[in-house]
Amino acid sequence: MRLTPDSADGRAAAHDPDAPDGEFAGHFAAERRLAVAAAREAGALLRSRFQDDYGIRAKGDHGDVVTELDLLAERLVVGRIRDGFPHDRILAEEAGTLDGDTTGEAPLRTWLVDPLDGSNNVVIGLPAYVVGIALCVDDAPVVGVVHDPVTDRTWTALTGRGAYGPHGRMRCPARPLSPAGPLLAWTQGHGVARDDRAAHGLKEVLEARSRRLLQLWAPLLTWSMLARGDIDGFVGYRAEAIDLPAGALLAAEAGLEIRTLDGRPFHPGVTGPDTDRSFVAGRPGDLPYLLDLVGRSTADGAR
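Residue numbers (UniProt numbering): 1 to 303.
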């Protein structure tokens with residue numbers, strides 16, 4: 001996935017990711033404003049309750065958890081979207097699919113809500129979590145918002161119109177990789193078994209040939225780091241669908257490139273099996289090197 005930035009210069013107030021809305025008139029501007037406002041409101045709720053006692057329960061059989069904070073933040077965001085766009089479908093992390101008040105209309109608009117990306121971090125007291133919201137039209141992301149409640153920073157992207165953060169328009173920096181190796185991040189979906197040979201093979205190669213391999217338990221936080229240029233690359237294996245479109249759109253609109261593990265164009269939609277959601281992302285000039293690293297894994301099913 002690689003989107004061409006808009007020709008507008010993208011001047012924006014350094015403190016306000018909403019400032020570029022003048023560039024987006026008629027281009028999902030209302031959806032973007034609602035998503036930013038809802039993410040910030042949910043972020044304030046999460047930040048205010050971070051050190052409180054709250055309910056925690058297991059989610060599935062793979063060690064994931066859901067907390068009372070997930071549910072409260074999701075209810076808030078879903079309510080804001082439902083109030084603003086009652087016709088749209090919503091796919092929420094905890095509630096699942098919520099249909100709009102009309103059916104059979106084209107194009108299909110689906111909001112994706114990850115109210116607390118990093119629940120496992122929150123449970124152990126690690127302040128590394130974000131709120132993620134995306135809008136997909138016919139399975140293609142058109143709006144992406146990532147809000148970090150800890151630092152109160154917000155990053156947004158609109159398809160074909162660029163990515164913006166606290167310091168205005170984001171463009172991936174062109175710089176050579178460190179002689180010590182790239183700084184990479186890794187994510188895998190909840191459904192990946194602990195004995196998955198492909199996952200083990202990929203991680204072994206990446207760890208051996210990178211300067212650091214980060215696994216933050218919050219993919220949207222990682223996507224924002226990639227878009228800012230804090231890390232060199234991001235590799236995902238059978239990634240979760242709920243947070244992928246917002247993060248991938250943010251990175252692509254910042255000028256990064258996303259490929260499948262075997263180098264084909266990557267499409268970050270929400271439909272299809274998780275085997276279609278394995279990717280390599282990085283600066284365009286670094287992709288050949290990163291794909292070569294991935295290609296060194298000979299584990300079954302690594303590609």
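In this text, a Cβ means the ideal position worked out from N, Cα and C, and glycines have one as well.
How would you label residue i, buried or exposed, when you count the other beta carbons within 10 angstroms and need 16 or more for buried?
| i | result |
| --- | --- |
| residue 87 | exposed |
| residue 117 | buried |
| residue 191 | exposed |
| residue 154 | buried |
| residue 48 | exposed |
| residue 196 | buried |
| residue 218 | buried |
| residue 268 | buried |
| residue 275 | exposed |
| residue 286 | buried |
| residue 222 | buried |
| residue 119 | buried |
Alpha carbon to alpha carbon, how far is residue i from residue j?
| i | j | result |
| --- | --- | --- |
| residue 114 | residue 180 | 35 Å |
| residue 162 | residue 145 | 12 Å |
| residue 134 | residue 30 | 13 Å |
| residue 143 | residue 122 | 26 Å |
| residue 243 | residue 183 | 22 Å |
| residue 108 | residue 270 | 12 Å |
| residue 257 | residue 220 | 16 Å |
| residue 69 | residue 46 | 6 Å |
| residue 303 | residue 80 | Per-residue confidence for residue 303 stands at a pLDDT of 44, beneath the threshold of 50, marking its modelled position as unreliable; no derived number is given. |
| residue 236 | residue 246 | 15 Å |
| residue 281 | residue 211 | 17 Å |
| residue 3 | residue 249 | The pLDDT assigned to residue 3 is 40, lower than 50, so where the model puts this residue is not dependable, and the model offers no usable value. |
| residue 292 | residue 262 | 9 Å |
| residue 259 | residue 65 | 30 Å |
| residue 137 | residue 110 | 6 Å |
| residue 89 | residue 78 | 10 Å |
| residue 266 | residue 288 | 15 Å |
| residue 234 | residue 83 | 35 Å |
| residue 67 | residue 32 | 27 Å |
| residue 75 | residue 264 | 37 Å |
| residue 208 | residue 294 | 12 Å |
| residue 85 | residue 50 | 30 Å |
| residue 52 | residue 43 | 15 Å |
| residue 198 | residue 101 | 42 Å |
| residue 301 | residue 277 | In this predicted model, residue 301 has a pLDDT of only 44, less than 50, meaning its place in the structure is not dependable; the value taken from the coordinates is given anyway. Whole-angstrom Cα-Cα distance: 13 Å. |
| residue 56 | residue 124 | 11 Å |
| residue 307 | residue 194 | Because residue 307 is not part of the residues shown, which for the chain are 1 to 303, the question remains open. |
| residue 175 | residue 98 | 44 Å |
| residue 178 | residue 54 | 43 Å |
Per DSSP, which residues does residue i bridge with? Please list them.
| i | result |
| --- | --- |
| residue 211 | According to DSSP, residue 211 bridges with nothing at all. |
| residue 188 | 237 |
| residue 225 | Residue 225 pairs with nothing; no bridge assigned. |
| residue 257 | 282 |
| residue 168 | 165 |
| residue 132 | 114 and 146 |
| residue 265 | 259 |
| residue 96 | 92 |
Whose CA, out of the options, lies closest to the CA of residue i?
| i | options | result |
| --- | --- | --- |
| residue 38 | 235, 130, 199 and 293 | 130 |
| residue 232 | 250, 213, 92 and 262 | 213 |
| residue 159 | 173, 140, 172 and 90 | 140 |
| residue 173 | 65, 247, 136 and 283 | 283 |
| residue 216 | 82, 95, 188 and 34 | 188 |
| residue 186 | 279, 177 and 94 | 279 |
| residue 132 | 166, 273, 73 and 138 | 73 |
| residue 112 | 241, 295, 288 and 297 | 241 |
| residue 166 | 99, 224, 96 and 288 | 224 |
| residue 239 | 28, 34, 272 and 252 | 272 |
| residue 71 | 168, 207, 85 and 92 | 92 |
| residue 40 | 51, 156, 207 and 56 | 156 |
| residue 296 | 253, 251, 264 and 206 | 206 |
| residue 251 | 42, 164, 208 and 194 | 164 |
| residue 169 | 50, 28, 55 and 254 | 254 |
| residue 95 | 193, 59 and 290 | 59 |
| residue 36 | 152, 177, 193 and 99 | 152 |
Taking 8 Å as the cut-off, is the beta-carbon of residue i closer than that to any non-hydrogen atom of the ligand SAH?
| i | result |
| --- | --- |
| residue 130 | What this structure holds is no ligand at all, so the ligand SAH is not there to describe. |
Open item on the list: So, does the stretch 147 to 156 touch the stretch 125 to 139, judging by three or more C-beta pairs under 8 Å?
Closed with: Segments in contact, yes.
Task: Contact the stretch 217 to 231 vs the stretch 196 to 204: 3+ CB pairs below 8 Å - done: Taking a cut-off of 8 Å for Cβ pairs, the stretch 217 to 231 and the stretch 196 to 204 do not touch, as fewer than three such pairs fall below it.
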